[in-house]
Structures are given as C-alpha cells and as structure tokens.
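Q:
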Amino acid sequence: MRILVIGATGTIGAAVADELATRHDVIRASRRGPVRVDMTDPASLDALLAEVGEVDAVVVAAASGGLSPLDTPADADYWSGVEGKLLGQVNLVRRALAHVRDGGSITLTSGRFAEPVPGSSLGYLVNAGLEAFVHSAAIELPRGLRLNAVSPGWVRETLVALGMDPADGTPAVDVARTYVDVVEGDAQGRTFAVEAR
Ligand SMILES: NC(=O)c1ccc[n+]([C@@H]2O[C@H](COP(=O)([O-])OP(=O)(O)OC[C@H]3O[C@@H](n4cnc5c(N)ncnc54)[C@H](OP(=O)(O)O)[C@@H]3O)[C@@H](O)[C@H]2O)c1
Numbered sequence: 187m188r189i190l191v192i193g194a195t196g197t198i199g200a201a202v203a204d205e206l207a208t209r210h211d212v213i214r215a216s217r218r219g220p221v222r223v224d225m226t227d228p229a230s231l232d233a234l235l236a237e238v239g240e241v242d243a244v245v246v247a248a249a250s251g252g253l254s255p256l257d258t259p260a261d262a263d264y265w266s267g268v269e270g271k272l273l274g275q276v277n278l279v280r281r282a283l284a285h286v287r288d289g290g291s292i293t294l295t296s297g298r299f300a301e302p303v304p305g306s307s308l309g310y311l312v313n314a315g316l317e318a319f320v321h322s323a324a325i326e327l328p329r330g331l332r333l334n335a336v337s338p339g340w341v342r343e344t345l346v347a348l349g350m351d352p353a354d355g356t357p358a359v360d361v362a363r364t365y366v367d368v369v370e371g372d373a374q375g376r377t378f379a380v381e382a383r
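Mapping to this note's numbering: the sequence shown position 40 is 226, numbers consecutive.
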C-alpha cells in the first residue's frame with residue numbers, strides 16, 4: 187500500500203511510519219518533515235494532498251496543543267488544541283476522501299487520560315469529539331473507504347521524556363502495532379484503545 191503518515195517525526199508517528207514501512211510505501215509528513223504540512227491550515231492540507239496524489243491509506247498522529255487550564259486568559263490560547271487536533275483531523279478527512287483509493291482507509295488519533303487532571307478538559311472534549319465524528323462520519327464514506335481512530339494512553343517514551351514514571355506507559359512500538367492493525371484490517375467507524383502487547 188501507499189500510505190501517508192502525518193506527524194511522522196513524532197513519538198507515535200515515527201513508530202507507526204517505521205512499522206508500516208516494513209511492508210508498505212510510506213510518505214512521512216509533518217510541519218518540518220521531508221514532506222511538509224500544517225494541520226492547522228486547511229490550505230496546507232490541500233497542498234499536501236495535491237503533492238502526494240493518490241494513496242491507499244492516511245494515518246494522522248500529529249500533536250498540537252498541551253493542557254488548557256479553564257482559566258487560560260486568552261480564548262485563542264485555550265482553544266489552540268482544537269485547531270490542529272480536532273478541526274485539523276476533520277478537515278483532513280473531508281479533503282482526503284478524494285485522494286484515497288477505493289477500499290482505502292483514514293486513521294485518526296484521539297487519546298485518553300487515566301483520570302481528569304487540571305487542564306485536561308479540552309483534551310477530553312477533543313478526544314470525545316473525534317471519536318464521535320469517526321463513529322458517525324464513517325457511514326458517509328464512499329467507495330468502501332474506512333474511517334477509524336486509535337486512542338493511545340500514555341506512551342512510555344513520552345513519560346521518560348517528561349521525567350515521569352514510565353511504568354504505566356505503553357512502548358511506542360506497541361502503540362504503532364495498533365495503527366498497523368487498523369490500516370491493514372477491515373474495521374469501520376471504530377475507536378481502538380491501545381493495549382500493551
Ligand atoms: N505521547 C503520548 O503519550 C500520547 C498519549 C495519548 C495521545 N497522544 C496523541 O497522539 C498524537 C501524537 O502524539 P506524540 O506524543 O507522538 O506527539 P509528538 O511526539 O509531539 O509528535 C508530534 C508530531 O506531529 C507533528 N506536528 C505537530 N504539530 C503539527 C501540525 N500543526 N501539523 C502537522 N504536523 C504537526 C510533529 O512534527 P513537526 O513539529 O515537524 O510538525 C511530530 O511529527 C497527539 O494527537 C497526542 O495527543 C499521545
């Protein structure tokens with residue numbers, strides 16, 4: 187398969203791209219990657235898809251925004267996590283429909299927290315919104331196209347990078363295998379919580 191991975195230089199995206207590349211032709215995109223795109227900019231998504239042409243699958247594992255405390259002074263700062271992760275992935279799906287070959291797939295990334303922490307409410311909103319979008323939008327897809335989401339919990343490498351206890355994290359390579367299963371499988375309209383393997 188010819189597969190576009192957006193966020194392919196990241197912790198999850200790089201592992202997904204590497205795992206897929208063992209069997210498929212992978213195009214790696216990010217803001218500063220070999221192929222460039224900014225998920226927050228619809229024109230950039232159009233340019234990416236025009237540049238890349240037809241693909242069999244698209245995977246999005248691009249990060250944007252961190253925690254957004256409720257008392258964040260500026261609305262724009264509070265909502266920044268919505269732009270790339272929620273609106274960006276929805277904008278990508280709408281545009282990618284015309285570029286993914288018959289029977290192909292689009293796989294998005296949501297995520298989950300073990301429990302609410304201060305600043306996590308927007309993340310909950312974004313992830314729940316994405317999963318509801320995937321579930322409901324899948325029935326509108328033409329030509330046998332599939333739409334799914336992967337919901338990682340903490341990734342072990344991320345916990346290490348943050349100086350936190352990595353014990354409860356899932357290694358990025360195990361997270362990546364969930365994406366590969368979704369891309370190579372036949373699931374439609376579902377969200378897959380990542381389990382350690
Ligand atoms: N890591 C975790 O523990 C964890 C847990 C649950 C959910 N998630 C979710 O998984 C996704 C990936 O997380 P990650 O930890 O792998 O992130 P990461 O290591 O920070 O990597 C982010 C990737 O996305 C790219 N990127 C960032 N902003 C972008 C934009 N506006 N347009 C295009 N590409 C952009 C980055 O490259 P450039 O900087 O070159 O653009 C990089 O390739 C996120 O949605 C995150 O919320 C992660």
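The beta-carbon is built from N, C-alpha and C at its ideal position, and this holds for glycine as well. On a predicted model such as this, the values are computed, not experimentally measured, just so you know.
Spatial neighbours of residue 297 within its chain, please: CB distance less than 8 angstroms, with the 5 preceding and 5 following residues excluded, ordered by chain position.
A: Excluding sequence neighbours, residue 297 sits near 309, 313, 337, 338 and 339.
Q: In whole angstroms, what separates the C-alpha of residue 259 from that of residue 344?
A: Their backbone Cα atoms lie some 28 angstroms apart in a straight line.
Q: If we require 4 or more residues per run, which alpha helix (DSSP H) segments fall completely within the stretch 262 to 342?
A: With a minimum length of 4 residues, the continuous alpha helix (DSSP H) runs that stay inside the stretch 262 to 342 are 274 to 282 and 307 to 323.
Q: Under 7 angstroms Cβ to Cβ from residue 307, same chain only, skipping five residues before and after it: list those, please.
A: Cβ within range, chain order: 256.
Q: Name the DSSP bridge partner or partners of residue 191?
A: According to DSSP, which records beta bridges pairwise, residue 191 is partnered with 214 and 245.
Q: For residue 222, does the three-state DSSP call read helix, strand or coil?
A: Strand.
Q: Does DSSP put residue 258 in a helix, in a strand, or in coil?
A: Coil.
Q: Please confirm whether residue 241 and residue 190 have their CB atoms less than 8 angstroms apart.
A: For residue 241 and residue 190, yes; Cβs fall inside 8 angstroms.
Q: Just checking: is the beta-carbon of residue 290 within a distance shorter than 8 angstroms of some beta-carbon in chain B?
A: Looking for chain B here will not work: only one protein chain is present.
Q: How about residue 362 and residue 198: are their beta carbons less than 8 angstroms apart?
A: Cβ distance < 8 angstroms, so residue 362 and residue 198 count as in contact.
Q: Name the two residues that bound the continuous beta strand (DSSP E) containing residue 377.
A: Looking at the DSSP string, the run of the beta strand (DSSP E) that includes residue 377 is 377 to 379.
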